[in-house]
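For the sequence shown, the working numbering begins at 229 and goes up steadily by one. Backbone N, C-alpha and C fix where the C-beta goes; we use that ideal spot for every residue, glycine too. Structure first, then comments.
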Amino acid sequence: MGVKMDSESPLVRHFTSTGFVVHRGCIALHWHPKVKAWLPPGGHIEPNEDPVQAVKREILEEAGIEVEVLNTGAELRLPYPEEVISPYTIMVEDIHDLVQGFHKHIDMIYFCRPTGETGLPEGWLWVSRRALETASDLLRNGGPPEAPPEDVRALGIRAIDFTESTGVADASLC
């Protein structure tokens, strides 16, 4: 029953976490040289790490920002077992990698806000809602301007909307 997988080349899946960091009505994006697209911070979930720990670590490593992960879903609030904040959504993304070959990322998407300094390293931008809505081309080093992918724009807008609707957004704009 079901579909028979080729035993020589099973589908490889990696678990990842991505964080849309919202500050003053903008999200943090960087040009990812391997993927060749504007992306928020994120990466693989390491052994013995839960998705929330992974997204906080990835954001700190990549963008240098400490964050609070925002709860966008349901909570049971039981004394036991410990509950991990649920992602806003989980996306399954095709990854075409010249070294690792084709595989998929099961990507847990979180909305976050900074808890400290908000300066970004070189190559990172705070991108406004308007730029996301209009699919504005963003300038990048070493290449022509390019708009973020559709899913990044849609999730960025939802992250900004969520922070504004829940009152965790900063009053001023980026």
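When the Cα atoms are used, P315 and G371 turn out to be separated by approximately 33 Å. Bounds of the beta strand (DSSP E) holding G271 are G270 to H272.
Proximity of the segment 288-303 to the segment 341-355 meets the contact definition, three or more beta-carbon pairs being nearer than 8 Å.
Counting only runs of at least 4 residues, the segment 233-263 fully encloses no alpha helix (DSSP H) element at all.
Taking the C-beta atoms as reference points, G253 is found nearer than 8 Å to R357. In this structure, DSSP gives P342 an extended state, which the three-state scheme calls strand. Between H331 and V263, the gap from beta carbon to beta carbon reaches 8 Å or more. Proximity to H260 across L401, E392, V380 and T391 peaks at V380, based on C-alpha coordinates.
Segment contact: the segment 268-282 against the segment 308-325, three or more CB-CB distances shorter than 8 Å; contact assigned. Under a 10 Å Cβ-count criterion, V355 is classified as buried, with 16 or more other Cβ atoms of the shown protein chains found around its own Cβ.
Shortest Cα-Cα distance from E274 to any of E296, S245 and T300 involves S245. Collapsing the DSSP output to three states places I388 in a helix. In the three-state reduction of the DSSP assignment, S393 falls in the helix class, which pools H, G and I. As the crow flies, the alpha-carbon of P349 is around 15 Å from that of L367.
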